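Just below is one structure, and these are the notes that go with it.
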């Protein structure tokens with residue numbers, strides 16, 4: 022089985038642009054997570070979906086970040102408009118419905134905002 | 025970061041030795057997870073714990089919710105154990121997890 026796929030692997034954006042990051046979870050997994058990792062803030066949960074329903078929206082990230090799960094095999098994270106402080110690695114993970122904490126992580130998307 | 029404090033921040037071990045990493049919580053943690061981020065950047069899920077202990081091979085973890093801490097013990101450290109270990113805590117009635125700042129472990133030959 023394929024693991025979690027994330028595209029693109031690298032993204033460079035100008036300040037103020039809209040960018041969309043994509044994630045395909047492991048086939049059959051019901052739970053999907055988006056995380057952000059920076060040197061300063063470390064790892065932070067951005068959003069959590071269960072069976073396509075948003076269960077956690079990450080509080081502080083609401084204003085410019087929007088995660089969607091359009092179907093059970095695809096999710097997007099939109100950042101609009103981007104700011105330099107959004108430069109980070111964005112990680113997607115998925116897990117089976119009955120083992121929420123058994124998360125499989127994707128390779129991440131490294132975003133640089135100039 | 026301050027709600028979940030990890031110690032030590034960095035550690036070097038000789039291959040074959042043992043060590044313990046620790047997380048202290050200032051939130052009412054109900055569950056704890058431990059992750060390893062290897063030198064290539066890949067994140068691996070190690071443990072999920074409610075209060076109690078779990079063991080998997082050379083790794084053993086414990087979570088004491090009353091004393092608000094968790095530990096990760098590494099026995100017979102191997103080179104492939106090198107990386108950054110993160111703990112993450114989840115509070116009651118929430119899906120939000122709070123991560124610690126990590127312990128960077130280097131296992132030396």
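Residue numbers (the numbering used here), protein chains in the order written: chain C, 22 to 135; chain E, 25 to 133.
The beta-carbon is built from N, C-alpha and C at its ideal position, and this holds for glycine as well.
Every value quoted in this text rests on a predicted model; they were computed, and no experiment measured them.
The DSSP-derived three-state label of residue 106 of chain C is helix. Looking at the DSSP output, residue 90 of chain C sits in a beta bridge with C:96. Using a Cβ-Cβ distance cut-off of 8 Å, the segment 67 to 75 of chain E and the segment 121 to 130 of chain C are in contact, since at least three pairs of beta carbons, one from each stretch, lie closer than that value.
Beyond the five residues adjoining it in sequence on each side, residue 33 of chain C comes within less than 6 Å, by CB distance, of 133 in the same chain, given in chain order.
Listed in chain order, the non-local C-beta contacts of residue 109 of chain C below 7 Å within the same chain comprise 57, 58, 59 and 132, local neighbours out to five positions each way being set aside. With distances taken between CA atoms, residue 128 of chain C lies nearest to E:63 out of E:63, E:79 and E:133.
Closest in C-alpha terms to residue 58 of chain E, from the list E:132, E:125 and E:130, comes E:125.
DSSP places residue 79 of chain E in the strand class (E or B) of the three-state scheme. Residue 103 of chain E carries a helical assignment under DSSP once its states are collapsed to helix, strand and coil. Under DSSP, residue 119 of chain C shares a beta bridge with no residue. Cβ neighbours of residue 105 of chain E within its own chain (closer than 7 Å, five residues either side excluded): 98, 129 and 131. Residue 119 of chain E has a beta carbon lying within less than 8 Å of a beta carbon in chain C. The Cβ atoms of residue 42 of chain C and residue 111 of chain C lie closer than 8 Å to each other.
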